[in-house]
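Quick notes on the structure that follows.
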Amino acid sequence: HEHKPFILDVGCGTGLNAKILTERGYSVKGVDISNVAIEKFIEKGFEGKQCDIVIDGLPYSDNYFDIVFASEVIEHIADTEEFMREIKRVLKPKGTIILSTPNSSFWVYRVFSIIGKTLSEVQHPGHIRFFSKCLLIERFYEAGFSEIKMKSRKMYIVLPDKIGSILKVIGFGMFLTREFRFKTKE
Numbered sequence: 071h072e073h074k075p076f077i078l079d080v081g082c083g084t085g086l087n088a089k090i091l092t093e094r095g096y097s098v099k100g101v102d103i104s105n106v107a108i109e110k111f112i113e114k115g116f117e118g119k120q121c122d123i124v125i126d127g128l129p130y131s132d133n134y135f136d137i138v139f140a141s142e143v144i145e146h147i148a149d150t151e152e153f154m155r156e157i158k159r160v161l162k163p164k165g166t167i168i169l170s171t172p173n174s175s176f177w178v179y180r181v182f183s184i185i186g187k188t189l190s191e192v193q194h195p196g197h198i199r200f201f202s203k204c205l206l207i208e209r210f211y212e213a214g215f216s217e218i219k220m221k222s223r224k225m226y227i228v229l230p231d232k233i234g235s236i237l238k239v240i241g242f243g244m245f246l247t248r249e250f251r252f253k254t255k256e
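With our numbering, letter number 168 in the sequence shown gets 238, and the count goes up by one each step, no holes.
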């Protein structure tokens with residue numbers, strides 16, 4: 071009998087990613103700093119815990135997870151070193167981390183800097199760390215990860231939902247991909 075790989079969804083939100091991962095045969099547990107998000111995560115039938123990874127550590131034993139999934143989280147963490155150390159601690163020795171973060175050297179952000187906007191004003195006011203591909207790879211090596219594969223999604227521009235909706239109505243929808251984000255007021 072084959073066991074389902076264990077995934078930790080860091081910054082699990084309300085469970086959008088956990089739902090997809092579960093449907094694909096994974097056993098998912100989640101952590102999030104937001105009590106509101108964890109409540110919704112649990113309401114959907116997932117096992118989740120509220121924690122601040124840097125302050126509390128991850129509430130799981132060493133070498134527990136096959137995969138740690140952290141989508142759009144690391145840029146919100148003040149102590150990147152401790153965040154990476156905790157993820158490495160809960161990963162099995164041959165485990166995998168799947169992490170995404172905005173590429174802060176994206177051309178759109180550079181254009182905004184010319185007109186006096188900071189990265190946190192353009193990306194999200196909660197972003198306190200900014201990464202290029204090279205800096206992110208460096209942080210992984212510093213944390214003791216050795217096999218690093220980097221992939222990127224090609225995004226040419228990011229639009230607010232209202233503008234995207236208008237473009238869709240006038241026939242440009244085929245060129246757009248919509249991303250849903252859960253936001254709390256915390």
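For every residue, glycine included, the Cβ atom is placed at its ideal position computed from N, Cα and C.
What does a CB cutoff of less than 6 Å around Y130 pick up in its chain, not counting 5 residues either side in sequence?
V160
Look at V101 and V80 and say whether their C-beta atoms are less than 8 Å apart.
The Cβ atoms of V101 and V80 sit closer than 8 Å to each other.
The beta strand (DSSP E) that contains I168, what's its start and end?
For I168, the enclosing beta strand (DSSP E) stretches over residues L161 to S170.
Touching or not, the stretch 137-145 and the stretch 106-118, by the rule of three or more beta carbon pairs under 8 Å?
no
Would you kindly work out how many angstroms separate the C-alpha atoms of S190 and Y96, rounded to a whole number?
When rounded, the distance between both Cα atoms is 34 Å.
Helix, strand or coil, according to DSSP, for I144 in the structure here?
helix
Hey, could you find the ends of the beta strand (DSSP E) E208 is sitting in?
Taken as a continuous stretch (DSSP letters only), E208 belongs to no beta strand (DSSP E), being part of the alpha helix (DSSP H) at K203 to E212.
Using a Cβ-Cβ cutoff of less than 7 Å, which residues in the same chain neighbour N87 once the five nearest sequence positions on both sides are dropped?
D79, F139 and S141
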